[in-house]
Amino acid sequence: RSGRTALHLCAAATVDRSRHPASASIRTARALLRTGATLDAVHRIPDQGEPFPATPLWHAIARGKNRTLARFLLREGARPDYCLWAVVWADDVVMARLLHEHGANLNLTFHDETALLYATRLRRTRMVKWLLRHGADPNIGDADGRTPLSYAVRRRYTVAEVEELLRHGADTTLRARDGTSPLSLVATGHAKGLSQLLRRYAEGETPPAQVA
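Under my numbering, think of the first position of the sequence shown as -17, with each following residue one higher.
Written out as C-alpha cells, the structure reads:
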C-alpha cells in the first residue's frame, strides 16, 4: 500500500478561486484532522529505488500549490523537512522561509543529496543563495562525493554565483570518488574564469561571509 489518505488527496487538490478555494481546503483538512486523520501520514511515492515520504504538507506544496493550506498544516504541527525539495524545484523562497521558520532541517539528505545540492544541480541560484545564508552546509556531497561547489564548477556558474558558495565555507579541495576536486577541475580546463577565484580561497586570502 502506498499510504495515501484522504488528507493527502485534500492537500493535492489544485486551488481554484471559484470551484475549490483555499478556504475550502482548510475546512476539509480541519474536519479530517478532527476525525482522526494523521497529520504527517506518509504516502510513499516510487523514486529511484527508495520511495519518497510524501506527507500532506508536501502534497499541498508540490501538487496543490496551496500556500494557505501549507501554512495551516504547519501551524497544526506538520513536519516540514522533506518538503524542502519541493520548494527548491518550484524556486519558492517564500515557502522555504516558512518551512525554515517551522524548524526544517536544511542539511537533511534524501538519495544522498541535500536541498542545497539539489538546488545547485538544478541551477536554482536564488534558492542556493537563500539556503547558504540560512545555514545550509556547502560541503555535504552526494553518493559520488560531489559537493555543491563541484557541481557549480562543472555547470559553469558565474564568478559571483560560485563566490557565494565560497564565502559560506565551500571547500575547494574536497575530492569526489573520481578523484576530482573543484580546484582540480578548474586546473584542467573546467570554467577557466574561476581558476583565480578558487585559488584565492584555497590559499585563505578571502575571509568567509558573516552569516546574519
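Note that CB positions come from ideal geometry on N, CA and C, so glycine has one too.
Own chain, CB closer than 6 Å to V70, minus 5 neighbours either side, in chain order: A97, Y100, A101, R106, M109
Start and end residues, beta strand (DSSP E) containing F34: 34 to 36
Alpha-carbon to alpha-carbon, P35 and D29: 10 Å
Cβ-based burial, G18 [other Cβ within 10 Å; buried from 16]: exposed
Whole-Å CB distance - L51 paired with L14, under 8 Å assumed: Between L14 and L51 the Cβ distance is about 12 Å, and since that is not below 8 Å, they are no contact.
Residue of T162, D160, Y139 minimising C-alpha distance to L179: Y139
First and last residue of the uninterrupted beta strand (DSSP E) at R26: 25 to 27
Beta-bridge pairing of T91 - partner residues as DSSP gives them: Looking at the DSSP assignment, T91 forms a beta bridge with T96.
Cα-Cα separation between P130 and H116, rounded to whole angstroms: Computed Cα separation, rounded: 16 Å.
Residues of its chain near G175, where Cβ-Cβ distance is below 8 Å and the 5 sequence neighbours each way are ignored: V141
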